[in-house]
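J.:
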Amino acid sequence: MTLKFADEAADPRTYLPQQSSGPRQAPSQASGRIGQVCEYIEASGFTFEPWQVATFVTALQTKPFLILAGISGTGKTKLPQLVAEATGAKVVIVPVRPDWTDSSDLLGYERLGGEFVPGHLLTLCQRAMQEKDTQFFFVLDEMNVARVEYYFAEVLSVMENRRWTDQGTAISPPLNLLAPDLSANEQGGIDWSGVYLPPNVSVIGTVNMDETTHDFSRKVLDRAFVLELSEVDLSVYGTTAASLPAPAVWKAPEWSPAHLRLADVPDVESNQTIVEAVNALIRANESLQRAQLQVGFRVRDEVALFCLNAAGSAEHFVTRDETVIAPLDLCLSMKVLPRLQGGGALLRDVLVDLAGWTTSSPSEASGSESPSGFPRTDDRVRLMQQRLDQTGFTSYWV
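Letter by letter, the sequence shown follows residues 8 to 405 of this note's numbering.
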């Protein structure tokens with residue numbers, strides 16, 4: 008199936024998938040409790056915008072891989088800890104080392120004597136398989152001080168091959184699928200070859216983008232949501248409450264996706280939220296294809312499903328001063344713009360064309376009559392244009 012670009016309005020039936028059959032997880036109820044998480048975080052003396060918390064939750068409900076980006080000291084590592092405290096989840100933080108050149112630190116390795124040493128992620132997943140009602144956050148701190156593709160490629164591959172079980176949960180193939188020689192290696196009564204990425208494990212990476220770190224490839228960016236935490240209001244001090252609210256314990260299924268892809272969504276062709284998201288991406292691709300940077304079906308599905316999940320918690324996609332942050336606008340910034348990097352006239356043409364669209368009404372993309380366009384996406388596009396003009400090079404990252 009290919010995307011078709013045309014002058015006339017697109018017919019959703021030509022680009023939306025047919026519904027697949029099979030068991031499905033019940034829709035998550037976690038989004039209706041985001042307000043409680045925001046209250047807990049504020050009572051803890053920390054400051055995050057409501058839309059940042061809502062994006063964190065919604066992204067993980069859509070896909071278990073989230074990248075938190077931004078300048079140092081903005082709470083990238085603290086946010087998963089606070090959300091875990093507020094929801095009864097458990098968090099494991101593993102600092103990434105610059106010398107990680109393969110997956111052994113995550114998935115394990117075999118010593119010369121034949122003893123298998125499980126890695127950090129494999130150990131956590133084995134535990135999560137036993138504690139199925141508990142959500143686990145696996146945080147890779149400073150994820151890009153090593154090249155992500157070197158040590159994370161197997162995990163990305165496994166994550167993309169999740170499937171529904173007969174019980175209606177989404178599981179992956181075994182994490183050490185690429186090391187079949189370990190299949191008979193049982194240690195402490197555990198068959199590590201059977202450990203998979205269970206639905207109650209979410210992987211979160213924190214990143215700084217500076218001269219000491221590595222850029223992300225499009226392979227990684229296509230497979231992750233990117234939440235940027237660089238917006239800082241130093242005039243907000245925060246106040247620690249005398250006592251914290253009791254955590255509202257979320258069961259693991261509340262974090263699990265209701266759908267893995269658009270084909271799982273009932274009546275997908277008539278869902279207005281999905282149609283608006285897909286039409287916006289079709290219009291974005293008209294600009295991106297000038298430099299062969301267009302997005303594919305994976306990004307389409309993840310953007311549409313994020314917007315679908317966000318619809319149930321729209322009241323939390325706001326700033327502290329009640330300015331509305333549209334989930335689709337966020338998605339265009341999170342999933343489309345990070346793939347733009349470099350210099351030259353071709354990229355300049357892409358940015359100019361994107362700016363002309365994001366500034367105007369989104370009506371051509373979504374049928375909406377709103378004159379607001381996509382302000383967050385537009386602001387970042389114009390910042391990228393400015394950098395390109397000043398230095399001859401640009402990227403999404405602050």
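Glycine included, each C-beta is placed from N, C-alpha and C at the ideal position.
Whose CA, out of VAL103, VAL210 and ILE332, lies closest to the CA of ALA317?
T.: It is ILE332 whose Cα lies nearest to the Cα of ALA317.
J.: What are the start and end residues of the alpha helix (DSSP H) that includes THR81?
T.: Run containing THR81: none; DSSP gives neither H nor E here.
J.: With DSSP collapsed to three states, give me the class of LYS342.
T.: Helix at LYS342.
J.: Use the C-beta contact count for ALA76: other C-beta atoms within 10 angstroms, 16 or more gives buried, fewer gives exposed.
T.: buried
J.: Using the three-state DSSP reduction, which class does THR398 fall into: helix, strand or coil?
T.: helix
J.: Are the Cβ atoms of PRO334 and GLN68 separated by less than 8 Å?
T.: no
J.: What number of angstroms, rounded off, separates the C-alpha of ARG259 from the C-alpha of THR141?
T.: Looking at the sequence itself, residue 259 is Ala, so the reference to Arg does not match. Rounded to the nearest angstrom, the two C-alpha atoms are 5 Å apart.
J.: Among the candidates GLN397, ARG383, TRP199 and GLU46, whose CA atom is the shortest distance from the CA of GLU238?
T.: ARG383
J.: So who's on the other strand from ARG170, going by DSSP bridges?
T.: ILE178
J.: Using the Cβ count rule (16 or more neighbours within 10 Å means buried), how would you classify GLY303?
T.: The Cβ neighbour count for GLY303, taken over all protein chains shown within 10 Å, is under 16; the residue is labelled exposed.
J.: Could you compute how far the alpha carbon of GLU309 sits from the alpha carbon of GLU218?
T.: When the Cα atoms are used, GLU309 and GLU218 turn out to be separated by approximately 30 Å.
J.: Which same chain residues end up closer than 7 Å to ILE197 when comparing Cβ atoms and leaving out the 5 residues on each side of it in sequence?
T.: GLN133
J.: On the CB-based measure, 16 or more other CB atoms within 10 Å of its CB, does SER51 come out buried or exposed?
T.: buried
J.: Rounded to the nearest angstrom, what separates GLY42 and GLU122 at their Cα positions?
T.: 48 Å
J.: When the Cα atoms are used, what is the spatial distance from GLU276 to GLU283?
T.: 11 Å
J.: If you drop the 5 nearest sequence neighbours on each side, which residues of the same chain put their C-beta closer than 8 Å to that of PRO254?
T.: Hits under 8 Å: TYR47, GLU92, ALA93, THR94 and GLY95.
J.: Measure the C-alpha to C-alpha separation of LEU163 and TRP199 and round it to an integer number of angstroms.
T.: 19 Å
J.: Enumerate in chain order the residues of its own chain whose CB-to-CB distance from PRO187 is below 7 Å, with the five nearest sequence positions on each side excluded.
T.: In this predicted model, PRO187 has a pLDDT of only 38, less than 50, meaning its place in the structure is not dependable; the value taken from the coordinates is given anyway. For PRO187, where only same-chain residues beyond five positions count, there are no Cβ hits under 7 Å.
J.: To the nearest angstrom, how far is the alpha carbon of VAL146 from that of GLY120?
T.: Those two C-alpha atoms are separated by around 31 Å.
J.: Report yes if the C-beta distance between VAL103 and TYR116 is below 8 Å; otherwise report no.
T.: no
J.: For TYR407 and VAL227, what's the separation of their Cα atoms in angstroms?
T.: This structure cannot speak to residue 407, because the chain is shown only from 8 to 405.
J.: Helix, strand or coil for ALA186, going by three-state DSSP, please let me know.
T.: Low confidence applies here, because ALA186 scores a pLDDT of 46, under 50, leaving its location unreliable and the question unanswered by this model.
J.: Are the beta-carbon atoms belonging to VAL233 and PRO57 less than 8 Å from one another?
T.: no
J.: Can you tell me which of GLN174, PRO205 and ASP148 puts its alpha carbon nearest to the alpha carbon of GLU167?
T.: PRO205
J.: Evaluate PRO345 with the Cβ neighbour count: other Cβ atoms within 10 Å of its Cβ, from every protein chain shown; 16 or more gives buried, anything less gives exposed.
T.: buried
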